[in-house]
Every structure is written in structure tokens, then in C-alpha cells.
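Before any comments, here is the structure.
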């Protein structure tokens with residue numbers, strides 16, 4: 001293509017004309033490849049969903065019949081439901097830890113200098129850069145050394161340790177963009193530091209807090225390596241699924257998996273929608 | 001009160017409790033793991049000691065080398081496969097999709113699988129690749145196979161495919177981010193100066209996305225090396241990865257010192273990869289403004 | 001008038017060794033409108049922020065109403081600031097923004113509402129109470145910021161480049177508006193700006209600053225008519241800078257530029273006979289036509305610029321030295337009309353309106369740019 005032709009096309013596009021570029025072979029090949037990859041990403045998920053409605057307890061083609069039995073079985077399975085409940089409890093507790101520890105940490109990193117700050121920053125990020133296996137193992141030896149029995153509490157502490165870095169990085173990034181003049185204005189108008197934090201700072205970093213909390217909760221819900229080493233008698237949902245998978249499969253697992261997919265998709269759509277709207281109103285968050 | 005002292009007080013009030021937490025749950029456990037790696041194995045558990053025996057075992061016993069090399073090999077393969085799948089998708093999204101809404105939709109569609117239970121995604125591969133599974137039924141149905149093949153499951157092939165599948169979105173995200181940052185004017189300039197499409201890609205686009213590619217590779221490599229679930233589900237008996245070995249030491253084998261030593265080794269491998277990739281990125285860093 | 005604020009040998013150095021404020025001492029009278037004027041980096045904003053409590057001096061003290069507030073945080077000072085980019089709370093309505101300071105002070109709800117309503121009336125935005133700052137125009141945001149800063153009845157109002165975000169027309173209106181509000185409320189206003197016209201229009205006193213130090217303090221007329229240095233002369237308004245040789249004759253000083261000679265009425269400081277100096281004459285102080293008060297000179301017209309109510313005439317008074325003459329047009333021009341290029345014109349300038357400065361200083365000022 002000559003420069004003039006490129007120019008013409010660029011200008012046409014800029015004018016928002018309805019004329020579309022002719023799609024060439026290279027682009028369509030790429031499109032096919034890209035869509036194939038995307039489809040590939042969904043094959044197992046689709047399999048999961050399809051077979052959750054399939055009559056046959058064995059997962060094989062051809063499909064036999066439609067049934068909601070597995071869903072019924074899943075929702076009335078006491079062990080599964082308990083594990084689900086445990087996962088929710090652990091998730092909420094872990095997020096609480098993440099926020100209580102993560103917010104002050106992010107502020108300390110953004111606003112103060114102290115000896116060892118760089119080393120500390122690297123330490124905080126370690127759990128999300130290293131395999132969860134290592135964090136899990138090291139926490140196991142720690143609890144054993146401290147004489148603490150494994151239980152849901154150790155799982156909660158493990159998740160808190162592993163996931164707080166998410167809140168720290170998100171809140172830190174938000175604080176770096178934060179306009180501190182409004183905090184000065186608040187102090188100017190008579191507010192003590194805690195009042196400024198509560199009335200001015202916190203409301204304006206809301207998006208980072210909510211976003212990172214959602215991510216942390218979601219990761220906690222599906223967390224495996226750390227949980228694997230720290231679980232006591234009470235199972236979280238992944239641990240329950242793991243025990244069932246090792247024994248032999250029942251399609252109830254497909255059913256619960258599909259439910260989780262559906263709920264996750266809804267949650268993601270909601271948060272994406274919220275972020276999209278926030279950008280539209282042009283608020284300074 | 002002096003303002004400097006006020007600031008110091010504020011800092012300590014803010015940070016002393018969190019600092020204590022971090023030291024207790026992060027620094028101390030890692031240090032304990034490090035120190036246990038020097039302990040001696042003594043039935044039924046272990047005793048405090050300072051000896052390099054565990055590390056020597058790793059150096060001398062060839063089975064550990066085998067497992068280590070296998071882990072590295074598999075992780076590299078997984079990263080390459082994820083790259084091969086992820087880059088075209090990221091490129092397509094960043095450059096070829098004109099509608100902003102469609103692009104957002106497709107991007108979210110790429111990320112959504114991450115939110116489906118990891119265990120279930122790995123497990124469904126078992127059902128897909130198994131002798132009673134979908135792949136076999138499909139191949140028989142269209143006539144390529146006469147009877148189910150056992151070649152697909154319980155080996156390294158299955159592991160690589162499963163893990164690449166799971167980690168591809170992690171490859172797409174940083175690559176897409178770096179593709180988006182490239183000013184279109186650079187590409188147009190390259191084409192304007194006579195470079196054909198592939199030439200432009202090879203000489204301009206690909207180098208400029210190196211940071212994203214490096215990040216994706218590092219991330220995927222780290223995830224693969226640490227994954228002990230997929231090998232157990234679809235890897236079969238001869239596909240032990242270093243992560244499995246570690247898990248066993250803390251499980252049935254009850255050899256915590258050895259497990260800790262292995263953990264330390266894995267830690268250094270991953271840290272090494274991260275540091276190397278950081279240095280590489282900084283060396284070739286181009287500021288796109 | 002009593003002194004409300006006293007800065008005593010205040011110095012502030014930033015990390016990296018930059019001395020932002022260099023040993024400044026200042027007395028501010030209650031109720032005055034004081035402006036700190038200078039280019040960016042001269043230390044005016046840092047000084048303002050130290051008065052507000054957002055920065056702290058490295059040495060020196062700040063006394064407010066006789067009390068030492070040097071180390072006091074902003075919430076302990078009866079001073080309020082109108083920020084340069086307004087710093088309105090983006091998540092609160094206009095009414096909530098204005099009432100914030102009162103809420104913190106623990107005022108009962110009903111009283112807050114009343115005061116806020118009063119303020120909204122004063123800034124003429126009664127309908128905007130429930131709007132968010134993002135929904136307002138720049139001019140409206142500025143007024144809200146002003147109301148928010150005044151609602152607590154502070155002893156001093158600080159204004160940090162209040163007009164910088166406004167367009168030219170709005171600027172003019174606001175300058176007058178602020179001056180009226182100051183007259184009405186009667187509290188002390190301290191403003192910071194780089195716009196010298198603005199400073200002159202609004203202030204009772206102006207402090208011209210440069211590199212962290214005070215160049216001159218005085219009323220606008222004092223600074224304009226009797227600048228203490230080349231820097232001040234160049235910063236405020238426009239000046240002709242004419243190289244001259246000076247001689248003493250009795251108690252007068254005479255400056256020579258080419259054929260023309262000028263009698264200078266007053267000059268502080270030592271003068272060496274025959275020294276080369278720079279003469280500063282404001283263009284509008286030059287009258288067309290001869291005068292018996294002396295200092296008559298003539299020159300060839302190089303160019304004439306007509307701008308509606310005035311005309312600028314560039315005169316060559318010899319050896320290529322161009323002097324700008326600014327003439328306000330009125331009927332006194334007579335039938336002769338405007339001079340044209342090539343004409344020879346006679347002008348005069350009063351001795352009291354001429355300033356003499358050291359040539360090196362003047363050259364530095366001319367080279368460095370100066371007023372925004």
C-alpha cells in the first residue's frame with residue numbers, strides 16, 4: 001500500500017464514514033485463529049455446563065437426556081453445602097483481613113519513607129509472585145512451630161497472607177493518582193486527620209477498595225495451594241471438590257461448577273458495568 | 001507539638017500493627033521454612049539441626065534432578081503453548097476489533113474462564129481426554145479412530161495441554177496491555193516507509209510488546225512450576241513435577257526438612273526467573289511516553 | 001491598623017537543596033488585601049502555604065494575632081485557603097462542600113443549612129445547592145471554593161492564583177467581584193499571583209518576590225511609579241529601557257542618550273560621574289509635544305500602532321535606539337492627526353517619572369524575561 005492509500009483510509013476512518021475497510025485474507029486468518037483460541041477456552045466450560053444437565057452419570061458422548069437431578073442432588077448434599085458455606089465465611093474473613101492490613105500498608109508505602117522500605121515492598125508482593133505452594137508450606141511449618149492446630153482459622157490467616165498484596169497494590173496505585181489537595185482543603189476547614197480520612201479520603205478511593213475486595217474474595221473462593229496445606233477438619237469448597245474428584249466423579253460436581261460459573265459471570269458483568277458507568281460520569285475516582 | 005514529631009507519631013500509629021502482622025505471617029514463616037531445610041530427618045518427624053544433608057540429597061540423587069528438569073521443561077512448554085494461543089488473540093483484540101464495546105466484551109470473555117473453579121477446569125480435561133471421553137468419542141464418530149486411544153491422558157502431553165489452557169488468559173492480559181500502548185502512528189510510519197505487514201509486525205510491534213510478553217512468560221512459568229493439582233489429575237504416574245514432590249514430603253512422606261529444602265530451591269528458581277525477566281525488560285526498555 | 005500576621009526570618013529549603021523561601025520577614029495589617037507577586041519559583045506559593053499550615057518553615061516563626069502558629073497544623077489556624085484548582089470534594093454536593101467546615105466544627109444542622117444558604121446567595125448560585133462539582137463550570141466552581149473558604153469566618157483568607165483557571169472575560173469580572181467581597185467582609189486577604197495587572201487592580205499592597213526573597217513591598221502606585229529595582233520596574237507594566245550616561249549637575253542628575261538629555265528628579269544610591277546606566281521610562285508617561293517642565297526630545301517615527309483608544313508610536317531617538325510612546329487618544333491630538341512613519345516628532349517626559357538602574361541589573365532582567 002502506498003502512503004497515499006494509507007492516508008486515505010485513515011482519513012476515511014477518522015471521518016467516521018460508514019465505509020468499512022475491505023477485509024483481507026491475512027486479517028480473516030487472524031480472526032479465525034483468535035476466535036478458535038477463544039472457543040478453545042470455553043470448550044471445557046461448555047462441557048461442564050452441558051453435562052451438568054445430562055442424564056448419564058458417565059461423561060461421554062452421545063448425550064442421553066435432560067435432567068435437573070444433579071442440581072437437586074448438589075443443593076441437598078450436606079457436605080457440599082457446608083463446604084460452600086465455609087468458603088463464603090473464609091472469603092469474607094480473608095477480605096476483612098486484607099482491608100484492615102492492606103489499607104494502612106498502602107498508605108504507609110505511598111506517604112512515608114522508612115528504612116527498609118524497598119525490601120518491605122518486595123516482601124509484601126512475594127505471596128502473589130511466588131507459587132502458592134511455597135506460601136502454603138511455609139505457613140504450615142509456621143503454625144506447627146507455633147503449636148497451632150489446623151482449622152478454618154489457619155486457612156483464613158493463610159488466605160489473608162496470600163491475598164493482602166492485592167489490596168495493597170490496588171490501593172497504592174489509586175493513592176498515587178490521588179489529588180491530595182482535597183485532603184489539604186479538609187484540614188484547612190478544621191478536620192483532624194482521622195476526620196479527613198473518613199470523610200474525604202475513604203470515599204474517594206472507594207473504587208479501588210471495592211474492586212480489590214471483589215478480586216480477593218473471588219481468589220479466596222477458588223484458592224487451592226495455600227488451603228491444601230492449612231486445612232483441618234472443615235473443608236472449603238475447593239477442598240471438598242478435590243476430595244470428591246480423587247474418589248471418583250459424580251455429575252453433581254458439574255452442577256455446582258455450572259452454578260459457580262453463572263454466579264461468577266454475573267458478578268463480573270456487574271463490576272464491569274459499574275466501572276464502565278463510573279468512567280462515563282467522569283467522576284474523579 | 002512539633003510538626004515533624006507529629007508526623008512520626010502518625011506513622012507509628014498507622015503502621016505498627018500492620019508491620020507486626022507482616023513480620024509474623026510473612027517474614028517469619030519463610031525464615032522458619034529456610035531453617036527447617038537444615039534440620040535432620042529423625043523418625044517420626046525431624047529434629048533441629050544445621051546440616052546441608054537435605055540439599056546434598058537433592059544434588060546427588062538423580063531422581064530429583066529428573067523431576068526438576070521435567071518441571072522446567074513442562075513449564076517452558078506450557079508458556080510457549082500459552083504464548084502461541086494468547087498472542088494472536090491479544091493482537092486480534094487490540095488491533096483488529098474496531099468497535100470498543102465488542103472489544104471490551106471479547107476481553108471480558110477471555111478473562112471469565114479464570115473465574116471458573118480451577119479444579120473443575122482441570123478436571124474436565126480429564127473427561128475430555130480420557131478413553132471414555134469426548135475427544136475419543138468425537139474422533140471415533142468422525143472415523144479417525146476405531147477404538148479409544150489412551151495416548152491423550154495421564155502423560156506429559158495432557159499436563160501441558162491442561163495447564164496451557166488454564167494459563168492462557170494470564171498470557172493474554174499483559175500482552176494485550178502492552179499492545180494497546182503502542183501508538184498507531186508508529187505502525188503507520190513503518191508501513192509508510194515500505195515495510196510489509198509481516199515486516200512491520202516483526203520489526204516494530206513484536207519488539208515493543210516485549211515487556212508484556214516477558215511478563216506473561218514469567219507469570220505463566222511461575223504458575224506452572226507451582227501447580228501440583230494438574231499433574232495429579234491428568235499427569236499420570238510418571239509425570240511428577242517438583243511441586244508434587246514437595247507436596248508429598250509434607251504429606252505422606254513426612255519428610256519436612258527435605259520438602260523445605262525443595263521449597264527453598266523452587267523459591268530461588270522462581271525468583272531467579274523473575275529477576276532475569278526484570279533485568280531483560282529494563283535492558284530493552286523503550287519509553288513510549 | 002494592627003498587625004494580624006507576622007513572619008519573622010522565615011526560611012524553607014526543599015529536598016535537593018532548593019531554597020524556596022530565603023529569610024523572609026513580613027508584617028501584614030489586619031483587613032488589608034495583600035498580594036504576593038512574582039514568576040513561578042519565586043517562593044510566593046510556598047510562603048502562602050506556610051501561612052496556611054500546609055508547609056512548615058525550616059527556621060523562623062509565624063505569629064498570628066500574637067500567637068505562635070509556626071508549627072500548628074491547618075486545622076488549628078483560623079485561616080482558610082481558596083485553592084488554585086479549587087480542590088472541591090468531588091463526592092459531595094455544593095451545599096455539602098460549603099457546609100463541610102461547619103459540620104466539622106459541630107454546628108447544629110439547621111444553622112449549617114442557614115449559613116450555607118446565605119453563602120449561596122452571596123456567590124449568586126442559589127439553585128446549585130445539590131449539584132456535584134463535576135456538573136459546574138469553572139467560574140461556578142471557583143465561587144463555591146470561595147464560599148467554602150469564607151463560611152467559617154476566618155481571620156485571614158488565602159487565595160492561591162484564584163483566577164488562573166478562568167478565561168479572560170471571566171477573570172476581569174471576578175477580579176472586581178473579589179475586591180467588592182473584600183470590601184464588604186473586611187477580613188484580611190492574602191493572594192498569590194503571577195499576573196501583575198491582577199495584582200495592581202485588586203491589592204492594597206503588593207509584595208514583589210524573586211528567588212525566595214522580597215524585592216519590594218508597597219502600594220500598587222508606589223511600585224509602579226517608584227520601582228526600587230530594575231526587576232520590579234520591568235515586572236510591572238511596560239518600560240522603555242534606554243542606555244544612558246549619567247552626570248551630576250548640582251543636585252540634579254542628567255542622563256544622556258545620543259543627542260537627548262534628560263533631567264532625573266530623584267535617584268537614591270551612589271552615582272559615578274560618567275557611569276553607564278539604564279533609564280526606565282514608562283511609554284504612557286511620554287507626552288507628545290514640547291513642554292516647559294523640561295526633558296524635551298525628538299525622534300523619527302519608525303512605526304505607528306493604532307489600537308482603538310490608544311496609539312503606540314515607536315520613535316528612533318538617535319543611534320537606532322527605539323523608544324515606545326503610548327498615547328491615549330482624545331480630542332487633543334488636533335487636526336494634525338496621527339503621526340506617520342518618517343515624521344519627526346517632539347516629546348517630553350516629566351523628571352519624576354523616570355527611574356535609573358544599574359546597567360548590569362537591567363540587562364539581566366531584560367535577558368531573563370520576567371513578568372507573565
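Chains as they are written, first to last, in our numbering: chain V, 1 to 285; chain C, 1 to 289; chain Y, 1 to 372.
Cβ atoms here follow ideal geometry from the backbone N, Cα and C, with glycine treated the same way.
Since this is a predicted model, take the numbers as computed values, not measurements.
Starting from residue 278(Y), trace the beta strand (DSSP E) in both directions and tell me its first and last residue.
The sequence position of residue 278(Y) within the third chain is 278, counting from 1. 276-281 is the extent of the beta strand (DSSP E) around residue 278(Y).
Give the straight-line distance between the Cα atoms of residue 2(V) and residue 33(V), rounded to the nearest whole angstrom.
Within the first chain, residue 2(V) is the residue found at index 2, counting from 1. Within the first chain, residue 33(V) is the residue found at index 33, counting from 1. Residue placement at residue 2(V) cannot be trusted, given a pLDDT of 48 that sits under 50; what the coordinates show is reported in the next sentence. About 28 Å.
Residue 218(Y) bridges to which residues according to DSSP?
Position 218 of the third chain, counting from 1, holds the residue named residue 218(Y). Note: residue 218(Y) sits in a beta bridge opposite 206(Y).
Should the segment 72-87 of chain C be regarded as contacting the segment 125-140 of chain C, the criterion being three or more beta carbon pairs within less than 8 Å?
no
Quick check: is the beta carbon of residue 251(Y) nearer than 8 Å to any beta carbon in chain V?
Here residue 251(Y) corresponds to residue number 251 of the third chain, with the count starting at 1. Answer no: the Cβ-Cβ gap between residue 251(Y) and chain V never drops below 8 Å.
I'd like to know whether the C-beta atoms of residue 52(Y) and residue 81(Y) end up nearer to each other than 8 Å.
Within the third chain, numbered from 1, the residue matching residue 52(Y) stands at position 52. Within the third chain, numbered from 1, the residue matching residue 81(Y) stands at position 81. Going by C-beta atoms, residue 52(Y) is nearer than 8 Å to residue 81(Y).
Which residue from 19(Y), 36(Y) and 314(Y) puts its Cα closest to that of residue 26(Y)?
Position 26 of the third chain holds residue 26(Y). Comparing Cα-Cα distances from residue 26(Y) to each of 19(Y), 36(Y) and 314(Y), the minimum goes to 36(Y).
Determine which residues of the segment 232-245 of chain C have a Cβ less than 9 Å from any Cβ of chain Y, and write them out in chain order.
none
Going by DSSP, what residue range makes up the beta strand (DSSP E) through residue 284(Y)?
As a working note, residue 284(Y) is residue 284 in the third chain. No beta strand (DSSP E) contains residue 284(Y), which DSSP labels as neither H nor E.
Let me know the alpha helix (DSSP H) ranges lying completely inside the segment 177-223 of chain V, each 4 residues or longer, listed in chain order.
181-188, 193-196 and 206-221
What residues in the segment 56-72 of chain Y bring their beta carbon closer than 7 Å to a beta carbon of chain C?
56 and 71
State yes or no: is the beta carbon of residue 132(V) nearer than 8 Å to at least one beta carbon in chain C?
The residue given as residue 132(V) occupies position 132 in the first chain. Yes, contact with chain C.
Counting beta carbon pairs with one atom in the segment 274-285 of chain Y and one in the segment 352-360 of chain Y, are three or more of them shorter than 8 Å?
yes
Using only the alpha-carbon positions, how far apart do residue 250(C) and residue 119(V) sit?
Locating residue 250(C) in the second chain gives position 250, counting from the first residue. Locating residue 119(V) in the first chain gives position 119, counting from the first residue. When rounded, the distance between both Cα atoms is 29 Å.
I'd like to check one pair, residue 165(Y) with residue 98(Y): are the Cβ atoms closer than 8 Å?
To locate residue 98(Y), count along the third chain from 1; it is residue 98. To locate residue 165(Y), count along the third chain from 1; it is residue 165. No.
Name the one or two DSSP bridge partners that residue 233(Y) has.
Working through the third chain from its first residue, we reach residue 233(Y) at position 233. DSSP, once it has assigned bridges, lists no residue as partnering residue 233(Y).
Could you pull out every unbroken alpha helix (DSSP H) segment of at least 4 residues lying fully inside the segment 20-76 of chain Y, listed in chain order?
44-52
Residue burial classification, residue 203(V) (beta-carbon count within 10 angstroms, cutoff 16):
Walking along the first chain from the start, residue 203(V) turns up at place 203. By the 10 Å Cβ count, residue 203(V) comes out exposed.
Please report how far the alpha carbon of residue 66(V) lies from the alpha carbon of residue 55(V), in whole angstroms.
One-based indexing of the first chain puts residue 66(V) at position 66. One-based indexing of the first chain puts residue 55(V) at position 55. Distance between the alpha carbons of residue 66(V) and residue 55(V): 6 Å.
Unbroken stretches of the alpha helix (DSSP H), 4 residues or longer, contained in the segment 184-249 of chain C
184-192, 197-200 and 210-226
Which stretch, first to last residue, makes up the beta strand (DSSP E) that contains residue 132(Y)?
Along the third chain, one-based indexing puts residue 132(Y) at 132. That residue, residue 132(Y), is in no beta strand (DSSP E); it is neither H nor E in DSSP.
Contact check, residue 191(Y) vs residue 220(Y), beta carbons under 8 Å
Indexing the third chain from 1 puts residue 191(Y) at position 191. Indexing the third chain from 1 puts residue 220(Y) at position 220. No, they are not a contact pair.
Look at the alpha carbon of residue 113(Y) and the alpha carbon of residue 194(V), and state the distance between them as a whole number of angstroms.
One-based indexing of the third chain puts residue 113(Y) at position 113. One-based indexing of the first chain puts residue 194(V) at position 194. Cα to Cα, the separation comes out at about 24 Å.
If we count the other Cβ atoms within 10 Å of its Cβ and call it buried at 16 or more, is residue 238(C) buried or exposed?
Stepping through the second chain from its first residue, residue 238(C) is reached at position 238. Classification for residue 238(C): exposed.
In the DSSP assignment, what residue or residues form a beta bridge with residue 326(Y)?
As a working note, residue 326(Y) is residue 326 in the third chain. In the DSSP output, where bridge partners are listed per residue, residue 326(Y) has 312(Y).
Please list the terminal residues of the continuous alpha helix (DSSP H) segment that includes residue 182(Y).
For the purposes of this step, residue 182(Y) is taken as residue 182 along the third chain, with counting starting at 1. Residues 168-185.
Can you find a C-beta in chain V that's less than 8 Å from the C-beta of residue 91(Y)?
Position 91 of the third chain, counted from the first residue, corresponds to residue 91(Y). So, interface residue.
Cβ of residue 12(Y) less than 8 Å from any chain V Cβ?
To locate residue 12(Y), count along the third chain from 1; it is residue 12. Closer than 8 Å: no.
Of the residues that make up the segment 79-90 of chain Y, which ones have a beta carbon closer than 7 Å to any beta carbon in chain V?
80, 81, 83, 85, 87, 89 and 90
CB contact flag (residue 211(Y), residue 295(Y), <8 Å):
Here residue 211(Y) corresponds to residue number 211 of the third chain, with the count starting at 1. Here residue 295(Y) corresponds to residue number 295 of the third chain, with the count starting at 1. Against a cut-off of 8 Å, the Cβ pair of residue 295(Y) and residue 211(Y) comes out as no contact.
8 Å Cβ cutoff, residue 253(V) in contact with chain Y:
For the purposes of this step, residue 253(V) is taken as the residue at position 253 of the first chain. Not one chain Y Cβ lies under 8 Å of residue 253(V).
Does DSSP put residue 111(Y) in a helix, in a strand, or in coil?
Against the third chain, residue 111(Y) aligns to sequence position 111. Residue 111(Y): helix per DSSP, three-state reduction.
Could you tell me which residues DSSP pairs with residue 243(Y) in its beta bridges?
Along the third chain, one-based indexing puts residue 243(Y) at 243. 278(Y), per the DSSP bridge assignment.
Chain Y beta carbons: is any one of them nearer than 8 Å to that of residue 2(C)?
Translated into the one-based positions of the second chain, residue 2(C) becomes position 2. Answer yes: the Cβ-Cβ gap between residue 2(C) and chain Y drops below 8 Å somewhere.
Which one of 193(Y), 155(Y), 137(Y) and 182(Y) has the shortest CA to CA distance from residue 170(Y)?
Working through the third chain from its first residue, we reach residue 170(Y) at position 170. Nearest C-alpha to residue 170(Y): 137(Y).
Can you tell me which residues form a DSSP beta bridge with residue 93(V)?
Position 93 of the first chain holds residue 93(V). Per DSSP, none; premise fails for residue 93(V).
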